[in-house]
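Be aware that the sequence shown starts at 14, since it is given in our numbering, and climbs by one per residue. Just so you know, even glycine gets a beta-carbon here, dropped at the ideal spot from N, CA and C. Every value quoted in this text rests on a predicted model; they were computed, and no experiment measured them. See structure below.
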Amino acid sequence: GVAANSGIKHAFEEELGHEVIIHENYYVMGAFGSAILAKEHVNGQISSFHGLKVSEMNLAPGSFVCPDCANRCTVKYLVRKEDKSRVSGREKDDAIFARWNSRCGKW
């Protein structure tokens, strides 16, 4: 990134007339700023983000062809394994962990 470019640092120092200090973890500052913006955006809403514990979850893949529009998307989803037999993927259910591949945006 720009912070790693000593020429840019030097140019800023010349223009500003004093030393520019680059934080040792400059490479994650963009992610840090994005996290702050995201936190402000959700405004106290509860997140559905599962974080690192997702690697410990027992999930199974599934798919279905959505007949609701002309796209006929093959929607893919992840569901908790223990609920796989009772879930088709089309319902609103807490067992469904994620859905994707919907071109119209319904899923």
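The continuous beta strand (DSSP E) containing Ile109 extends over residues 109 to 113.
Residues Asn84, Cys86 of the same chain have their beta carbon placed closer than 8 Å to that of Arg116, with the five preceding and five following residues left out of the count. Nearest neighbour of Ala16 by Cα position, chosen from Ile35, Leu29, Glu26, turns out to be Ile35. For Lys119 against Cys79, the beta-carbon gap comes to about 7 Å, under 8 Å, which counts as contact.
When the beta-carbon positions are compared, Leu91 and Leu72 come within less than 7 Å of each other.
Of the candidates Tyr40, Ala51, Lys89, Lys89 places its Cα closest to the Cα of Gly102.
Assignment of Arg99 by DSSP, reduced to helix, strand and coil, places it in the helix class. With 16 or more other CB atoms across the displayed protein chains lying within 10 angstroms of its CB, Arg112 is buried.
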